[in-house]
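**Q** So for the sequence shown, the working numbering puts the first residue at 6; every next one is plus one.
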Amino acid sequence: MRIVKNFFIKMYKLYRSSYFSVHIFLILLSFALYFFIRKYNVLNVDQVFTEVLNGMGILTSFFILVIDKINVKSLGDRYPNRIRCGFIKKYSISEGIKLMNTIFSLTISMFAILGTNYILLLFGVKNVVLLTCLIVYIFVSFIIAISIWHAFELKGVE
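1. Taking its Cβ as the centre, do 16 or more other Cβ atoms sit within 10 Å of F30, making it buried, or is it exposed?
2. Have a look at the DSSP bridge pairing and note the partners of M87.
3. Grouping DSSP H, G and I as helix and E and B as strand, with all else coil, what is M6?
4. Of the choices F157, L159, I151 and E158, whose alpha-carbon is the least far from that of I69?
5. Return the chain-ordered list of same chain residues with a C-beta closer than 6 Å to the C-beta of Y20, the five sequence neighbours on each side being excluded.
6. Am I right that Y39 and V145 are in contact with their C-beta atoms under 8 Å? What's the rounded C-beta distance?
7. Just to confirm my understanding: we take V141, look at its own chain, exclude 5 residues before and 5 after, and list those with CB closer than 6 Å. What are they?
8. Evaluate M16 with the Cβ neighbour count: other Cβ atoms within 10 Å of its Cβ, from every protein chain shown; 16 or more gives buried, anything less gives exposed.
Here's what the structure looks like:
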């Protein structure tokens with residue numbers, strides 16, 4: 006039981022020390038995209054739900070390959086500026102560590118949403134809101150990870 010408690014404490018600290026506004030933005034964007042799909046009937050998602058979900062599962066494996074190219078160990082060394090954070094208890098953290106925690110929190114959220122979608126699909130529930138949330142998380146995570154990777158490559162050229 007202590008292991009589970011420590012796991013949730015570590016996850017809380019990971020999300021607390023990341024750019025949390027990214028998660029709020031992605032969730033709001035997911036709901037907006039869901040209402041756009043339902044209002045204008047752009048795509049009949051119920052018919053192609055399984056294919057889209059399997060495609061997103063494959064894209065998450067490619068996302069892991071992109072994360073593998075980022076030198077996470079030197080992320081804190083390259084961006085050493087300290088930021089004051091916290092609502093109740095103030096603490097300082099470097100920009101590099103905050104970026105690293107954001108990448109890992111996006112990855113954990115992505116896999117949690119993907120796993121939830123597959124478990125719900127086992128029971129015959131097709132949740133389009135979670136699917137749009139997964140799509141938005143994957144594409145924005147790709148953009149952030151590739152931008153950080155490209156920034157490392159540019160700093161290496163100098």
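Don't be surprised by glycine CBs; every beta carbon is placed ideally from N, CA and C.
Owing to the predicted nature of the structure, the values given are computational and were not obtained by experimental measurement.
**A** Put simply:
1. exposed
2. As written in the sequence, residue 87 is Arg, which differs from the Met given in the question. R87 is bridged to S99.
3. coil
4. I151
5. S110
6. With 8 Å as the limit, Y39 and V145 do not qualify as a contact, their Cβ atoms being about 15 Å apart.
7. L31, L34 and S35
8. exposed
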